[in-house]
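Chains as they are written, first to last, in numbering that gives the first Met the number 0: chain A, 0 to 355; chain B, 0 to 355.
Note that CB positions come from ideal geometry on N, CA and C, so glycine has one too.
Just so we're clear, the structure is a prediction, and the values are computed from it rather than from any experiment.
Here's the structure we're looking at; comments come further down.
There are 2 protein chains.
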Amino acid sequence: MVRILSFVGTRPEIIKSLAFHRAAKNIPELEILFLHTGQNFGQTMADCFWEGLEIPLTESNPNFKHETPGAIAGSLLDYMTSKIDEYKPDVVISNTDTHSAFYAAMAAANRKVPVAHFEGGIRCEVRTNPEEINRRLADHLSDWIFPIADGDVQFLINEGISKDKIFNLGDITLDALNIVLKEHDIVPQSGDYDLLTTHRQENTNDPKRLARILKGVADAGHKTVFPVHPRTRQMLDSGLPAEALKQATNIEILPPQGYVDMVRLAAGCRKVITDSGGLRREAYMLGKPVISLVWFVWFKEMLKLGFKKSVGADSEKITDAILNFNPQGERPPLFGDGNAAERILRKIIEKVSDEA
Amino acid sequence: MVRILSFVGTRPEIIKSLAFHRAAKNIPELEILFLHTGQNFGQTMADCFWEGLEIPLTESNPNFKHETPGAIAGSLLDYMTSKIDEYKPDVVISNTDTHSAFYAAMAAANRKVPVAHFEGGIRCEVRTNPEEINRRLADHLSDWIFPIADGDVQFLINEGISKDKIFNLGDITLDALNIVLKEHDIVPQSGDYDLLTTHRQENTNDPKRLARILKGVADAGHKTVFPVHPRTRQMLDSGLPAEALKQATNIEILPPQGYVDMVRLAAGCRKVITDSGGLRREAYMLGKPVISLVWFVWFKEMLKLGFKKSVGADSEKITDAILNFNPQGERPPLFGDGNAAERILRKIIEKVSDEA
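Have a look at this one:
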């Protein structure tokens with residue numbers, strides 16, 4: 000029996016858990032435990048993401064603290080270390096690029112437990128991007144890395160990480176998306192609205208950037224739905240962007256959405272305007288043009304194929320892309336075939352057995 | 000004026016501060032502030048290291064907590080972040096491979112302040128070695144890296160770090176050693192005792208390893224002085240290694256020594272038996288054979304030249320090396336010329352000015 004401990008802190012990690020939990024049902028020699036780190040903006044946010052997903056959560060950290068960088072680091076490391084000591088896993092999963100992902104890798108390395116990192120190798124080559132920091136450090140702490148695209152494999156090799164630690168077995172996000180489409184009878188079709196999301200510090204912590212984004216969307220005049228992340232909400236409730244929002248009468252504000260509802264919104268929209276790394280991939284998988292609100296680039300492949308346009312927080316470029324960006328042509332399966340989770344879990348079991 | 004903030008937490012960082020403080024006197028356009036992070040095993044340990052060095056300390060962190068990994072991370076990150084916000088430095092120094100060094104780089108990267116990392120690039124390629132974790136992660140968070148040996152430059156390049164971020168300008172440890180030799184009229188000569196130190200978790204947290212080390216030194220029967228790190232002290236005071244120590248009547252236990260006294264002991268001894276990365280280099284600089292108590296290798300060059308023997312915690316090998324390891328031959332200056340600190344500070348000023 001191989002015991003895997005997966006620390007889950009934020010939306011992309013919850014989505015991965017859905018795929019892993021379903022895949023694990025096919026693997027009797029595996030026990031996978033999901034522990035919520037308490038990250039996210041308040042318990043409501045996390046609850047909303049778990050809703051309707053039927054993933055058994057072993058427990059949640061009641062003591063997550065987010066007030067300062069030290070509080071985040073301290074509360075995550077202590078929770079994770081104590082749980083590694085308690086459950087004695089064979090492997091700890093580090094999911095993606097969040098604080099929870101980095102500190103899970105750190106806690107496991109401290110305790111000399113092997114680390115498997117999902118979505119490793121993605122790089123935008125901006126040193127102080129918070130996700131870049133977490134992802135790169137987690138990669139360099141890991142025993143096995145599971146990137147989701149060929150370009151990311153190359154980034155890892157360029158950083159001296161041995162090829163025999165790297166396995167590109169597909170993107171778990173596609174597994175999860177397929178599960179939700181199927182189980183909730185959602186059929187992708189082009190609707191009469193665009194979908195807008197923004198949650199990255201680069202955009203949400205700068206009221207001028209957020210105001211420029213809102214102006215760009217407002218000027219296009221197209222009906223737009225905007226599920227608002229709590230961090231974005233805080234910024235909207237203060238000063239400048241609130242003014243910009245008032246003028247954006249074509250934008251419909253929604254509370255944070257659970258994963259199933261987000262898939263429904265993405266499947267039914269015309270275009271996706273976002274700074275999210277997960278949603279942009281889901282949009283590509285669903286055949287939606289992606290307008291990216293960050294100026295740096297993840298997934299050069301999507302850009303090369305013409306399905307994504309990076310506009311940053313430039314109002315005019317955003318308006319122009321909403322009105323005129325209509326990618327056509329081939330849309331090859333960049334992110335695997337939707338069966339990544341089971342392949343990855345079986346690979347982990349194989350590696351653990353090799354080392355035993 | 001360029002303001003550099005140097006967080007200093009442990010012995011090797013204090014030694015570097017000595018060299019930087021003296022070198023900075025020659026550079027009027029520079030302000031360098033030394034802040035003590037409070038790391039080390041209790042305030043006494045830190046006090047003892049600062050003793051006699053005349054380095055002005057801007058302040059000390061009164062709230063360092065060492066009880067758990069989270070307490071260490073949290074108390075360091077919060078202190079450092081608040082001091083970066085307060086002093087608004089142009090550059091933050093990350094010294095070597097300690098928790099203080101890693102979290103200094105992390106705090107600065109979070110605040111988008113450039114990071115200069117000293118002693119970067121050293122690798123033993125053991126993923127869960129605590130120093131390897133801190134050093135590798137600090138390297139990947141840094142803007143400019145100052146390795147101390149050519150082999151380490153290559154490790155950095157192999158990890159995809161751009162050559163124009165890497166400057167091998169010599170080892171600051173040699174600067175500091177020369178300062179102390181000169182100012183305290185210490186002349187290296189081969190005495191009638193060996194010098195033993197051990198402080199690494201790999202050795203101090205495992206009573207069996209520590210007992211084997213003591214047995215190896217006892218069996219050689221040679222007079223040995225043993226300044227004891229507080230972590231080693233804790234282990235000696237409990238069970239098995241205490242027994243081994245009783246039989247080692249040739250070993251003289253000393254309390255932790257200040258830097259000047261350590262240099263005096265190293266300069267006057269016959270051989271150095273250690274798991275310290277700093278002391279082994281100082282020993283080489285002083286012409287002393289080094290018997291290494293770790294099985295993994297830093298500084299392959301010293302090994303290749305035959306001035307170091309890696310014996311780990313193997314009693315017989317330790318005894319044999321004490322009795323029979325007598326390296327001869329050329330001892331080229333592997334670690335620079337003793338003027339590294341000023342060159343490094345001037346390089347940092349140049350890089351800051353380039354980016355302004």
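Sequence-distant residues of its chain with Cβ nearer than 6 Å to residue i (five each side left out)
i        : result
A:Gly215 : Ser314, Ile317 and Thr318
B:Phe295 : Cys123 and Val125
B:Glu50  : Gly257
A:Ala243 : Ala210, Leu213 and Lys214
B:Trp297 : Ile121, Cys123 and Gly276
B:Leu358 : Summary: the structure shown does not reach residue 358 of chain B, with chain B confined to residues 0 through 355, and so no result is reported for it.
B:Tyr283 : Met301 and Phe306
B:Glu281 : Leu176 and Ala265
Where residue i sits in the DSSP three-state scheme
i        : result
A:Ala70  : helix
B:Ser5   : strand
B:Val259 : helix
A:Ser161 : coil
A:Glu30  : strand
A:Lys222 : coil
B:Ile171 : helix
A:Ser309 : strand
B:Ile185 : coil
B:Asp147 : In the sequence on display, residue 147 of chain B carries Ile and not Asp. B:Ile147: coil per DSSP, three-state reduction.
B:Pro129 : helix
B:Asp142 : coil
B:Ser16  : helix
A:Asn25  : coil
A:Asp336 : coil
Contacting residues, own chain, Cβ-Cβ under 8 Å from residue i (five flanking each side not counted)
i        : result
B:Cys268 : Ser189, Gly190, Tyr192, Asp193, Leu194, Val224 and Lys287
A:Lys222 : Asp191, Tyr192, Asp193, Asn249 and Glu251
A:Gly73  : Lys64
Whether residue i touches residue j by CB criterion (9 Å)
i        : j        : result
A:Ile132 : A:Ala107 : no
A:Leu333 : A:Leu302 : no
A:Thr273 : A:Ile290 : yes
B:Leu213 : B:Gln256 : no
A:Thr248 : A:Pro226 : no
B:Glu341 : B:Ala22  : yes
B:Ala104 : B:Val114 : yes
B:Asn167 : B:Ile147 : yes
A:Ile171 : A:Phe19  : yes
B:Asp174 : B:Asn338 : yes
B:Gly277 : B:Ile92  : no
B:Thr36  : B:Ser99  : yes
A:Thr9   : A:Thr67  : no
A:Phe154 : A:Ile343 : no
A:Lys346 : A:Phe145 : yes
B:Leu140 : A:Gly69  : no
Residues that DSSP places opposite residue i in a beta bridge
i        : result
B:Glu118 : DSSP lists no partner for B:Glu118.
A:Trp297 : None; A:Trp297 has no bridge partner.
B:Thr273 : B:Thr196 and B:Ser291
A:Val90  : A:Ile3
A:Leu253 : A:Pro226
B:Glu366 : This structure leaves residue 366 of chain B out entirely; chain B is present only between 0 and 355.
Own chain residues within Cβ distance below 7 Å of residue i, not counting five before or after
i        : result
A:Ala312 : Asn202, Arg208, Arg211, Ile212 and Leu292
A:Met0   : Glu28 and Glu30
A:Pro88  : Arg2, Ile3, Leu4 and Val112
B:Ser275 : Thr196 and His198
B:Thr57  : Leu32, Phe33 and Leu34
B:Ala241 : Leu235
B:Phe48  : Arg10, Ile13, Gly257 and Tyr258
Residue i beta carbon near the ligand ZN (any heavy atom closer than 8 Å)
i        : result
A:Leu213 : Looking at this structure, you won't find the ligand ZN or any other ligand, since it has none at all.
Proximal residues, the region 128-141 of chain B versus chain A, C-beta separation under 8 Å: Pro129, Ile132, Arg135, Leu136, His139 and Leu140
Members of the region 149-165 of chain A near chain B, C-beta cut-off 7 Å: Asn157, Glu158 and Gly159
Contacting positions in the region 89-103 of chain B - beta carbon closer than 7 Å to chain A: none
Contact set between the region 73-87 of chain B and chain A, restricted to residues whose Cβ is under 9 Å from the partner: Gly73, Ser74, Leu75, Leu76, Asp77, Tyr78, Met79, Thr80 and Ser81
Proximal residues, the region 104-120 of chain A versus chain B, C-beta separation under 8 Å: Met105, Ala106, Ala108, Asn109 and Lys111
Contact set between the region 187-208 of chain B and chain A, restricted to residues whose Cβ is under 7 Å from the partner: none
Residues in the region 57-68 of chain B having any Cβ partner in chain A nearer than 7 Å: Thr67 and Pro68
Residues of the region 298-316 of chain B with Cβ closer than 7 Å to any Cβ of chain A, in chain order: none
Within 9 Å of chain B by C-beta, residues of the region 337-353 of chain A in sequence order: Using a CB distance below 9 Å, no part of the region 337-353 of chain A faces chain B.
Selection of the region 12-23 of chain A by Cβ proximity to chain B, strictly under 9 Å: none
The region 214-242 of chain B: positions lying closer than 8 Å to chain A by Cβ: none
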